[in-house]
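Engineer:
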Amino acid sequence: MPRLSISSWSLHRLLGEAWYDPDGNGGYANRSDETPQIELLDVPGQAAAHGIGTLELCHFHFPSTDDAYLERLKQAIRDAGVELFSILIDTGDITADDEATRTADTETVRFWVDIAAKVGAGHVRIIAGDAEADENAIAQSVDGLRSLASYAKDRGVIALTENFRRLAARPETCVAILEGCEGEVGLCADFGNFPQDTRSTDLAAVLLHANSIHAKADYADGEMDRAAYQANVKLAVDAGFDGPMSLIYQDGDDVWESLDEMRDVTLEVIGS
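Throughout the sequence shown, residue numbering follows the working numbering, covering 2 to 273 in sequence.
Given below as structure tokens:
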């Protein structure tokens, strides 16, 4: 049975729209000037308080990668009694035309794989690439993903990719990449990354490959389209999906109220 999860992206507003980048001096600088209501260290406890036992953390929400900070985060996760399923690595283009760029980006992804291992994440999500979808780009993505999957495996971490960004945006390309990886790379299937008009058929094409799901709902005038959302959740259940289903909310400031609604609506389909 699927289990409820949450991504730190859903708490992006509460985190002050934080986006930390290396500052060139061994530290991290926040690109946002918003005042955070919570810190990343608060996320595990808040998730647990709302009945969610699994987490995914975006790499850019880390204000530090010092060992001392990573140990504090790991302890916060332990104290909350939640699982850190994955680190979502939202940087790096392993299909970049320029070899120097591609090599540097691959090294950046490896760095975050190391961070994932240090904080006890079981998985990392790696972007398949930003190149136009053609045979060469697919082959390059497969080579890059398999190399990174091997690197991750040596550190006790499983590599996933996602129907995300240009190369893997369409289901046929996404599946071709997964098949090329021959089981070495799993999939995070994102409801919202497929167009509404083809979403059901697109999801049906990839859900059999999914290890995790980003469950997004559509909203109109602040109201959740429950029927469409539950139909997507049911597609996943009918496909035999039994991994973490991360609730993704990005449509307003009433963050936890909306996530609680998503939780309850999801449980109506998957059971409690």
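Each residue gets a CB set at the ideal place from its N, CA and C atoms; glycine is no exception.
None of the values given here were measured: they were computed from a predicted structure.
Report the CB separation of residue 114 from residue 149 in whole angstroms; it is logged as a contact under 8 Å.
Structural biologist: Going by Cβ atoms, the distance from residue 114 to residue 149 rounds to 7 Å, so yes, they are a contact pair.
Engineer: Exposed or buried, what is residue 164 when buried is set at 16 or more other beta-carbons lying within 10 Å of its beta-carbon?
Structural biologist: Buried: at least 16 other Cβ atoms inside 10 Å.
Engineer: Do you know how far the Cα of residue 134 is from the Cα of residue 229?
Structural biologist: Using only the alpha carbons, I get a separation of about 29 Å.
Engineer: From the DSSP output, which residues share a beta bridge with residue 31?
Structural biologist: 21.
Engineer: From the DSSP output, in three-state form, read off residue 105 for me.
Structural biologist: Three-state result, residue 105: helix.
Engineer: Identify which residue in 31, 252, 52 and 81 has its Cα closest to the Cα of residue 60.
Structural biologist: The shortest C-alpha separation from residue 60 is found at 31.
Engineer: Under three-state DSSP, which class holds residue 274?
Structural biologist: With the chain covering 2 to 273 only, the question about residue 274 has no answer from this structure.
Engineer: Terminal residues of the continuous alpha helix (DSSP H) containing residue 263?
Structural biologist: That run of the alpha helix (DSSP H) goes 256-271.
Engineer: Between the C-alpha atoms of residue 219 and residue 257, what's the straight-line distance to the nearest angstrom?
Structural biologist: Their backbone Cα atoms lie some 16 Å apart in a straight line.
Engineer: Just how far apart, CA to CA, sit residue 198 and residue 28?
Structural biologist: Residue 198 and residue 28: Cα-Cα distance of roughly 44 Å.
Engineer: According to the neighbour-count rule (16 or more other Cβ atoms, all chains shown, within 10 Å of its Cβ), is residue 187 buried or exposed?
Structural biologist: It counts as buried.
Engineer: From residue 45 to residue 127, what does the alpha carbon distance come to, in whole angstroms?
Structural biologist: Approximately 22 Å, taken between the alpha carbons.
Engineer: Can you round the beta-carbon distance between residue 48 and residue 7 to whole angstroms, since I take them to be within the 8 Å contact cut?
Structural biologist: Right, the Cβ-Cβ distance comes to about 5 Å (below 8 Å), so this counts as a contact.
Engineer: The alpha helix (DSSP H) that contains residue 186, what's its start and end?
Structural biologist: No alpha helix (DSSP H) contains residue 186, which DSSP labels as neither H nor E.
Engineer: Nearest-angstrom Cα distance between residue 72 and residue 202?
Structural biologist: Rounded to whole angstroms, residue 72 to residue 202 spans 43 Å at the Cα level.
Engineer: Name the one or two DSSP bridge partners that residue 126 has.
Structural biologist: Residue 126 pairs with 89 and 161.
Engineer: Taking 7 Å as the cut-off, decide whether the C-beta atoms of residue 215 and residue 249 are in contact.
Structural biologist: Yes. Within cutoff.
Engineer: For the candidate residues 116, 70 and 266, whose alpha-carbon lies nearest to that of residue 124?
Structural biologist: Looking at the Cα atoms, 116 is the closest of the given residues.
Engineer: Please determine if the segment 260-268 and the segment 237-249 are in contact, where contact requires at least 3 C-beta pairs separated by less than 8 Å.
Structural biologist: Judged by Cβ distances under 8 Å, the segment 260-268 makes contact with the segment 237-249, as three or more pairs qualify.
Engineer: Roughly how many whole angstroms lie between the Cα atoms of residue 200 and residue 243?
Structural biologist: Taking the straight line joining both Cα atoms gives about 20 Å.
Engineer: When you compare the segment 176-185 with the segment 85-101, are there three or more beta-carbon pairs, one atom per stretch, that lie closer than 8 Å?
Structural biologist: Cβ pair count under 8 Å is below three, so no.
Engineer: Roughly how many angstroms lie between the CA atoms of residue 168 and residue 138, to the nearest whole one?
Structural biologist: If you take the alpha carbons of residue 168 and residue 138, they lie about 8 Å apart.
Engineer: Go through its chain and collect everything with a Cβ distance to residue 157's Cβ below 7 Å, but skip five positions before and after it.
Structural biologist: Contacts found: 118.
Engineer: Where residue 39 and residue 3 are concerned, what is the direct C-alpha to C-alpha distance, given to the nearest angstrom?
Structural biologist: In a straight line, the C-alpha of residue 39 is about 28 Å away from that of residue 3.
Engineer: DSSP beta-bridge partners for residue 220?
Structural biologist: DSSP, once it has assigned bridges, lists 225 as partnering residue 220.
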